[in-house]
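> Top line first, the protein sequences correspond to chains A and B. Numbering (this note's numbering) for the first sequence: 662 to 1264. Numbering (this note's numbering) for the second sequence: 31 to 228. Questions regarding the structure given below will be posed in turn.
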Amino acid sequence: MHATDWLQFALFLGALTLITKPLGLYLLQVLDPAGRTWLDPVLKPLEKLTYKLLGVDPRREQDWKQYTCAMLAFSLAGVVFTYAILRLQGVLPFNPQGLPGLSHHLAFNTAVSFMTNTNWQSYGGESTVSYFSQMVGLTFHNFTSAAAGIGIAAALVRGISNRKTNFQVRSPNAHDGSPNPTNLEVRFTLGNFWADLVRCTYYLLLPICVVFAIFLVSQGMIQNFDPYTKVKTLEGAEQVIAQGPMASQIPIKMLGTNGGGFMNANAAHPFENPTPLSNFFQMLAILAIGSGLTYYLGRMVKNQAHGWAVWAAMMVLFVGAAVTCAHFEAGERVFQLVPETATTEPTSLETRFTLDGNMEGKETRFGTFGSSLFATVTTAASCGAVNAMHDSFTPIGGLVPLFLMQLGEVVIGGVGAGLYGMLVFVVLAVFIAGLMVGRTPEYLGKKIQAKEVKLAMLSLLVLTASILGFTAWACVSDWGVVGLNNAGPHGLSEMLYAYSSTTGNNGSAFAGLTANTPWYNTTLGFAMLIGRFLMIVPVMALAGSFAAKQAAPAGPGTFPVHGATFTILLIGTVLLIGALNFLPALALGPIVEHFLMGKGGLF
Amino acid sequence: MKTLITELRPAILATVVLAAVTCGAYPLLITAIAHTVFKDKAHGSLITGPNGTVIGSALIGQNFTAENHFHPRPSAAGSGYDAASSGGSNLGPTSQKLHDAIRERITAYRTINGLAADAPVPADAVTASASGLDPHISVANAGLQAARVAKVRNLSVEKVKELIAANTERSILGPSVVNVLKVNLDVERVSQPVSPMP
C-alpha cells in the first residue's frame, strides 16, 4: 500500500465515523411514527396520503408475528410484481433495444434476487434488461427491500430495548365494562411494519438518493431514455454505447446495499462509476446506514457505549479485512512467471508487477487499492456491487470478500440485515461469556435462556447449511461443474462464492461462473430465499421473545456489554463461528490455491 | 396464516403506491434535473470528431491498433471494447489461459514499442480491465508508448509527452491516469498540418 492509499483509507474511515452519529440521530426520528424531521413540511402530506391509500394506522403496533406476516406479504406482492414485469418486458414501454422477456428461470432468479436485497446478476444488464425493467421492476426492490431490512432491525432493537409500548394490555370484552383479569390479552409489540417501510423510504432513502444522484451525474453518470448510441470510432470501427436511466438507480443501489448493476460490469463500468470521487462516495453510501444503525441501537437501549462497542467490533474486522485484501492485490507474487527449461524468458516481469500489483479485472482509475477497498466494503455490507472482478483477485485477496460474506455480513453489514445479524452474535457472545463465568447470561438486563440461544443458533446454522449444502451439490453435479470458468481450486471457489453470496444476500460474484442456467438460477434463487427469510423469521421470534422479558437492573454478576472486553469477545465469537463453519471448505479453495500459485501451479 | 392474508391487501396497495413514488416520480425528477444542469453528461459525455460526427464517449474506452495511436488496455468486453456488453475476463491467478495471454501481450508490447526484451512492462498494459471499457491507461504505460507515437507522426517526444500530461487525470483518491481517446484526438490535432490523415 502506497502513502496515497493510506490517505484514502484514513479519509474513508474518518468520513464513516463522522456520519455515524448524525445518521443515527436521524434514524431515531425516522423509525418513530411520531418522529420529526426537517423534511416534514414536504413529506408529511405524502406520508399521510400513503397510509390512507394503504388503509393502515401507523400507530397501531404489531406483535412479532403480525410484523413478520406484513413483511412476508409485502415481499410476496413485490416478487410477483417484478416477475411479471421481467417476463412481459418485450411488450412494456421504455425498451428502445427491443429486448425480449426473460426466461422463466432467469425472471424467477432476478425477481427473488432483488426482493431479497441480494441483487445477484444472472442477468446481463445492458444486454438483457430494458429501461422499464430496470427503473420499475428492479429499482422498486432497491428501495423497499432496504426499507424492510431497516424495519426488521428496528423491530429487533425495539424488542431488546425497554420501551413502554412493548407491552400492551387489551381487554377483548372491555366494552361490556367488566374487565375480567383472566380475559385480558397481553401483546408484546415491536412497531408497525407499514410505518417503518413508508417512513424509511420517504424520509431516509429518497432524499439522500436525490442529492446523491445529482452528484453522480456531475461526475459523468448517464440519465436518459435514448436508444443505444452508435458511433464510428477514431479508427473507423463501429461501437454501440449502452445508455439508460442509470443515475436514478445507482444511489439506491449503494445506499440500500442492493448492488445490482445497471450494466453487466456493475460499478466497474465507466458510466456507473466514472471517477475516483464517485467511487469514494459510493463506498461511503454502502456503509452509511448500517453504521448509523449502531448508534440508533445505543440510543434505543439507553446504552450508547454498547452501540459504540458493537460499532468498534465491526470496524476492527473491517480494517483487518481491507488491509489484508489490499496487501495481496498490491502483491508481490502476482502472475509470477514459471521458470522454463530453455530460459529465454524475461526475468524482470515479476519485478515490474510487484510495483503495479494485480491489475487483471481492475480499472486503472481505481487502482489495486480502490478496488480492494471496494471489494471489502461491498462484502462487509451485503451490497454486492463490484468495481473490479473478484474472480481475478489473488487467492487471498479473493478469500477476504468470500469470508466476510460467510461471517454473515455483520461487519457493518447490509442495511438492517447487518445489525440484526450482529445482534445474533451479541446474544451468543453474552451467552458464551455467561457460561465462562458460570452465571445466567443476560443481555441489557434481559435473561438469555434456552429459547433465545436456540433461535440465534438456528439462524446461523441454516445459513451454513445452505452455503455448504448447495456448494457440495453443485460440486458433484454436471450442471454445477459445466458452468465453471476456471479450473483447479479456483473452480471450487467460484461455486463456494456463488452460494455464499446468494445465501448472504450479497450478490457479488466470482463472475466467471456461467450461472444463467435453469439449475443455477433455481438453486441460487432458493439460497437467496433461505438466506433472507430463514434468517428473518428466527430473528423476529427472538425480537418477540425479548419484548416479553422484563429487564432486571444490572447486578454485580452482570457482564458489561460495552468496553474493550466485550468488543474483543464479540470479534472472537464472530471469527470463531465463521472459522469453524467454513475453514475446511476455504482450505480446499483459496487457501490451497494460494500455496499452489506460490509454486507456479497453473490449471 | 390468517394475518398473512389480511396483510396482503396493504401489501399490494403498498407495492402500487411505492412503485409510483420510487419508480415514477423519483426517476423523472432526476431526469429533469440532470437534463437541466448536466445535459452533456446525462447523455454519455459524447465527443464529436473533426468532421462533425460522434466518434465516441470521453468515458468509454475504444480500441486502437494503429501505430500512430496510443493503445488502450486489452479488453474482454464482447470481442473487445463492445460498449453494449461490458465485462472482464474473470480468469483467476492460476489460470493457464490468462498466464499464456499475458506472456503473449508482454512480448507484443515490447516489440511494437521497441523495448528491450527484458524491459519492465506496466501491469495495466497487459491485463484486461473489469469493464472491458476502461478509458484510461497508466501514466507509465502512456510514457512507454510516447516514443513510438512521436516517431510515426514526426513529432518530438517532448511534444507527445506534453499531450500526455495535458490528458492526465489526477486524484488523491486514485492513481493518475491518461485518457486514451482524448490523448489520441490531441495527437491527431497537432500532427494534422504535418501529415494529414486520410
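Just so you know, even glycine gets a beta-carbon here, dropped at the ideal spot from N, CA and C.
With 16 as the cutoff for other CB atoms within 10 Å, does A/His1255 come out buried or exposed?
Position 594 of the first sequence, counted from the start, is the residue given in the question as residue 1255 of chain A. A/His1255 comes out buried.
> Using the rule of at least 16 other Cβ atoms within 10 Å of the residue's Cβ for burial, across every protein chain shown, is A/Trp699 buried or exposed?
As a first step, residue 699 of chain A must be located in the first sequence, where it is residue number 38. Exposed is the call here.
> Since A/Asn855 meets chain B, which of its residues come closer than 7 Å, beta carbon to beta carbon?
Taking the first sequence and counting its residues from 1, the one referred to as residue 855 of chain A is at position 194. Just to set this straight, residue 855 of chain A is Trp in the shown sequence, not Asn. Residues of chain B passing the Cβ test: Pro40, Ala44.
> Is the Cβ of B/His101 closer than 8 Å to any Cβ of chain A?
For the purposes of this step, residue 101 of chain B is taken as the residue at position 71 of the second sequence. B/His101 does not count as touching chain A.
> Kindly indicate which three-state DSSP category A/Phe849 falls into: helix, strand or coil?
By 1-based counting over the first sequence, the position of residue 849 of chain A is 188. Of the three classes helix, strand and coil, the one that applies to A/Phe849 here is strand, per DSSP.
> Look up A/Lys1108 in the DSSP assignment and give the residues it is bridged to.
As a first step, residue 1108 of chain A is located in the first sequence; it is residue number 447 there, counting from the start. A/Lys1108 is bridged to A/Glu1103.
> Anything in the segment 56-71 of chain B with a Cβ closer than 9 Å to a Cβ of chain A? List those residues in chain order, please.
So the close ones are Tyr56, Pro57, Leu58, Leu59, Ile60, Thr61, Ile63, Ala64, His65, Val67, Phe68, Lys71.
> Helix, strand or coil for A/Thr729 per DSSP?
In the first sequence, counting from the first residue as 1, residue 729 of chain A sits at position 68. Correct three-state label for A/Thr729: helix.
> Determine the closest residue to A/Ala898 out of B/Gly79, B/Val151, B/Val190, B/Ile85, with distance taken between C-alpha atoms.
As a first step, residue 898 of chain A is located in the first sequence; it is residue number 237 there, counting from the start. It is B/Ile85 whose Cα lies nearest to the Cα of A/Ala898.
> Which of helix, strand or coil does DSSP assign to A/Thr611?
The first residue shown for chain A is 662 and the last is 1264, placing residue 611 of chain A beyond what the model contains.
> If we call anything under 8 Å between Cβ atoms a contact, is A/Gly1144 one with A/Leu1174?
Working through the first sequence from its first residue, we reach residue 1144 of chain A at position 483. Working through the first sequence from its first residue, we reach residue 1174 of chain A at position 513. Against a cut-off of 8 Å, the Cβ pair of A/Leu1174 and A/Gly1144 comes out as a contact.
> Cα-Cα, which of A/Ser1127, A/Lys893, A/Asn780, A/Tyr863 is closest to A/Pro702?
Position 41 of the first sequence, counting from 1, holds the residue named residue 702 of chain A. Per the Cα distances, A/Tyr863.
> In angstroms, rounded to a whole number, what distance separates the CA positions of A/Gly1259 and A/Glu990?
If you number the first sequence from 1, residue 1259 of chain A lands on position 598. If you number the first sequence from 1, residue 990 of chain A lands on position 329. Answer to the nearest angstrom: the Cα atoms are 14 Å apart.
> Whose CA, out of A/Arg819, A/Leu1241, A/Asp1052, lies closest to the CA of A/Glu1021?
The residue given as residue 1021 of chain A occupies position 360 in the first sequence. Checked all of A/Arg819, A/Leu1241, A/Asp1052; the closest Cα to A/Glu1021 is A/Asp1052.
> Helix, strand or coil for A/Lys891 per DSSP?
Numbered from its first residue, the first sequence carries residue 891 of chain A at position 230. The answer is strand: DSSP assigns A/Lys891 an E or B state.
> May I ask you to verify whether the segment 1183-1198 of chain A touches the segment 754-773 of chain A, counting CB pairs closer than 8 Å and requiring at least 3?
With a cut-off of 8 Å, the segment 754-773 of chain A and the segment 1183-1198 of chain A count as touching, because enough Cβ pairs lie within range.
> To the nearest whole angstrom, what separates the beta carbons of A/Pro931 and B/Leu163, a pair I think is in contact under 8 Å?
Numbered from its first residue, the first sequence carries residue 931 of chain A at position 270. Numbered from its first residue, the second sequence carries residue 163 of chain B at position 133. Confirmed, Cβ separation roughly 6 Å.
> With a threshold of 8 Å between beta-carbons, can A/Glu722 be considered close to chain D, or not?
As a matter of chain content, chain D is missing from the structure shown, whose protein chains are A and B.
> For A/Lys705 and A/Thr985, what's the separation of their Cα atoms in angstroms?
In the first sequence, counting from the first residue as 1, residue 705 of chain A sits at position 44. In the first sequence, counting from the first residue as 1, residue 985 of chain A sits at position 324. If I take the Cα positions, the gap works out to 46 Å.
> According to DSSP, what are the bridge partners of A/Asp724?
Within the first sequence, the letter at position 63 stands for residue 724 of chain A. According to DSSP, A/Asp724 bridges with A/Thr850.
> Out of curiosity, what's the CA-to-CA distance linking B/Leu145 and B/Pro152?
Numbered from 1 along the second sequence, position 115 holds the residue referred to as residue 145 of chain B. Numbered from 1 along the second sequence, position 122 holds the residue referred to as residue 152 of chain B. Spanning the two alpha carbons is a distance of roughly 12 Å.
> Give the residues of chain B in contact with A/Gly1144, contact being defined as C-beta atoms less than 9 Å apart.
Numbered from 1 along the first sequence, position 483 holds the residue referred to as residue 1144 of chain A. Here the premise fails: no neighbours, minimum Cβ distance about 12 Å.
> Does chain B have any CB closer than 8 Å to the CB of A/Thr1002?
The count along the first sequence starts at 1 and reaches residue 1002 of chain A at position 341. Low per-residue confidence applies at A/Thr1002: pLDDT is 35, beneath 50, and the placement is therefore not dependable, though the value from the model is reported in the following sentence. No, no contact with chain B.
> Assign B/Val208 to one of three DSSP states: helix, strand, or coil.
Position 178 of the second sequence, counted from the start, is the residue given in the question as residue 208 of chain B. Reduced to three states, the DSSP call for B/Val208 is strand.
> Quick one: what does DSSP say B/Ser201 is sitting in, helix, strand or coil?
Along the second sequence, read from residue 1 onward, the residue named residue 201 of chain B stands at position 171. B/Ser201 falls in the strand class under three-state DSSP.
> If you run the structure through DSSP and keep just helix, strand and coil, what is B/Leu76?
Looking up residue 76 of chain B in the second sequence gives position 46. Looking at B/Leu76 - three-state DSSP - the assignment turns out to be strand.
> Which residues does DSSP pair with B/Glu166 in a beta bridge?
In the second sequence, residue 166 of chain B corresponds to position 136, counting from 1. Correcting the residue identity first, residue 166 of chain B is His in this sequence and not Glu. Its beta-bridge partners are B/Asn209.
> Are the beta-carbon atoms of A/Ser1161 and A/Met1066 separated by less than 8 Å?
Counted from its first residue, the first sequence places residue 1161 of chain A at position 500. Counted from its first residue, the first sequence places residue 1066 of chain A at position 405. Yes, the Cβ-Cβ distance between A/Ser1161 and A/Met1066 is below 8 Å.
> When the Cα atoms are used, what is the spatial distance from A/Asn1146 to A/Gly1099?
Taking the first sequence and counting its residues from 1, one reaches residue 1146 of chain A at position 485. Taking the first sequence and counting its residues from 1, one reaches residue 1099 of chain A at position 438. About 52 Å.
> Measure the CB-CB distance between A/Met1050 and A/Ser1120 and report whether it falls below 8 Å.
In the first sequence, counting from the first residue as 1, residue 1050 of chain A sits at position 389. In the first sequence, counting from the first residue as 1, residue 1120 of chain A sits at position 459. No; because the gap between Cβ atoms is not below 8 Å, this pair is not in contact.
> DSSP three-state label for A/Ile883, please.
In the first sequence, counting from the first residue as 1, residue 883 of chain A sits at position 222. If DSSP states are grouped into helix, strand and coil, A/Ile883 belongs with coil.
> Can you name the start and end residues of the alpha helix (DSSP H) that A/Ser1032 belongs to?
Within the first sequence, numbered from 1, the residue matching residue 1032 of chain A stands at position 371. Counting along the chain, the alpha helix (DSSP H) containing A/Ser1032 begins and ends at 1028-1041.
> In chain B, which residues lie with their C-beta within 7 Å of the C-beta of A/Pro937?
In the first sequence, the residue the question calls residue 937 of chain A occupies position 276. Here the neighbours are Ser201, Leu203, Gly204.
> Give me the Cα-Cα distance between A/Leu1257 and B/Gly122, rounded to the nearest whole angstrom.
Translated into positions along the first sequence, residue 1257 of chain A becomes position 596. Translated into positions along the second sequence, residue 122 of chain B becomes position 92. Roughly 13 Å between the two C-alpha positions.
> State yes or no: is the beta carbon of A/Arg1013 nearer than 8 Å to at least one beta carbon in chain B?
For the purposes of this step, residue 1013 of chain A is identified with residue 352 of the first sequence, where counting begins at 1. Confidence at A/Arg1013 is low in this model, with a pLDDT of 37, below 50, so the placement of that residue should be treated as unreliable; the coordinate-derived value is given next. Yes, because at least one Cβ of chain B sits closer than 8 Å to the Cβ of A/Arg1013.
> Do A/Met975 and A/Met1083 have their C-beta atoms closer together than 8 Å?
Counted from its first residue, the first sequence places residue 975 of chain A at position 314. Counted from its first residue, the first sequence places residue 1083 of chain A at position 422. Yes. Within cutoff.
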